[in-house]
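Colleague: Letter by letter, the sequence shown follows residues 11 to 229 in my numbering. We treat Cβ as the ideally placed atom computed from N, Cα and C, and that holds for glycine. Note that the coordinates shown come from a computational prediction; the quantities given were computed from them, not determined experimentally. What follows is a structure written as structure tokens; I'll ask about it next.
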Amino acid sequence: RPLNKPFRMPVQDVYKFTANNDSRRIIAGTVLTGSLADNDTVCFFPSGKRSQIKSVESYNRNLKKVEAGYVCGFTLHDEMYIQRGELASLENEQKPICAKSICIKLFWLGQNPLATGKKYIVKFGHAKVNALVRKISKSIDASSLDEKQNVDELHKNHIGECIFLLKRPIAFDLDILETSRFVLIDDYEICGGGFILSANDDESKSELEQIQLRNKKWI
């Protein structure tokens with residue numbers, strides 16, 4: 011298991027129980043890499059929010075530490091709003107990359123071609139984001155291996171390198187494939203999938219930094 015990598019856990023959901031005056035807000039998900047223990051300081055991206063672990067939660071088990079492969083939850087010392095799809099990491103470890111403009115490699119399976127200027131839904135783990143195809147820089151026919159540069163459409167069974175502009179930032183790692191994989195949805199059907207190659211110089215970088223700064227110093 012990838013225990014030597016930085017801690018990563020996509021937030022699947024936040025659970026709150028009210029029976030017997032239970033006031034816990036449990037942030038739940040599957041640990042992809044690394045480990046987490048009581049009193050660690052955890053950060054959430056792309057929001058930039060952070061807090062200290064109050065307790066590690068699991069059904070019918072008393073845990074002080076969880077590792078890659080565990081399905082678990084944890085509570086925080088501070089009450090804060092954490093969205094489904096955020097990526098949890100540790101404060102003293104490598105941070106994930108946050109970006110709205112990304113270069114991706116994908117395999118297209120849709121009956122209708124992937125087209126520049128068209129909007130799609132992209133799912134990164136538990137995060138679902140609207141995306142605009144800005145450019146298709148390369149197209150490869152999977153059967154003949156014929157390659158074309160700078161095309162307007164990507165047809166079925168073609169591999170493409172594209173630039174996507176997302177409606178909001180997402181968090182990912184280039185060296186942790188589990189956090190950079192995605193699927194594309196067109197007209198309610200999964201029509202393709204792939205992984206992120208790089209983050210482009212994002213025109214909204216300063217906006218993202220301001221949001222993270224605000225969330226670090228929230229009142």
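#1: Counting C-beta neighbours from all protein chains within 10 Å, is the total for HIS168 16 or more, i.e. buried, or is it exposed?
#2: Distance check for ASN14 and SER149, CA to CA, integer angstroms please.
#3: Taking all protein chains shown into account, decide if GLU96 is buried (16 or more other Cβ within 10 angstroms of its Cβ) or exposed.
#4: Please list, in chain order, all residues of the same chain as LEU119 whose beta carbon is under 6 Å from its beta carbon, the five residues on each side excluded.
#5: Count the C-beta pairs between the region 105 to 124 and the region 153 to 171 that are closer than 8 Å, then say yes if the count reaches three, no if not.
#6: Looking at VAL21: is its Cβ nearer than 8 Å to the Cβ of ILE37?
#7: State yes or no: is the C-beta of THR43 within less than 8 Å of the C-beta of ILE186?
#8: Is ALA152 helix, strand or coil when you go by DSSP?
#9: Please confirm if the region 99 to 107 is in contact with the region 49 to 67, defined as three or more CB-CB distances below 8 Å between the two stretches.
Modeller: Inspection of the coordinates gives the following:
#1: Residue burial is scored here from C-beta neighbours: HIS168 has at least 16 other C-beta atoms within 10 angstroms and is therefore classed as buried.
#2: Going from the Cα of SER149 to the Cα of ASN14 covers about 36 Å.
#3: Counting the other CB atoms within 10 Å of its CB gives GLU96 a total of 16 or more, which places it among the buried residues.
#4: Answer for LEU119: CYS201, GLY202, listed in chain order.
#5: Yes, since at least three Cβ pairs between the region 105 to 124 and the region 153 to 171 fall closer than 8 Å, the two stretches touch.
#6: Contact: yes.
#7: Less than 8 Å separates the beta-carbon of THR43 from that of ILE186.
#8: Secondary structure at ALA152: coil, using DSSP grouped into helix, strand and coil.
#9: Contact between the region 99 to 107 and the region 49 to 67 is present, because at least three Cβ pairs lie under 8 Å.
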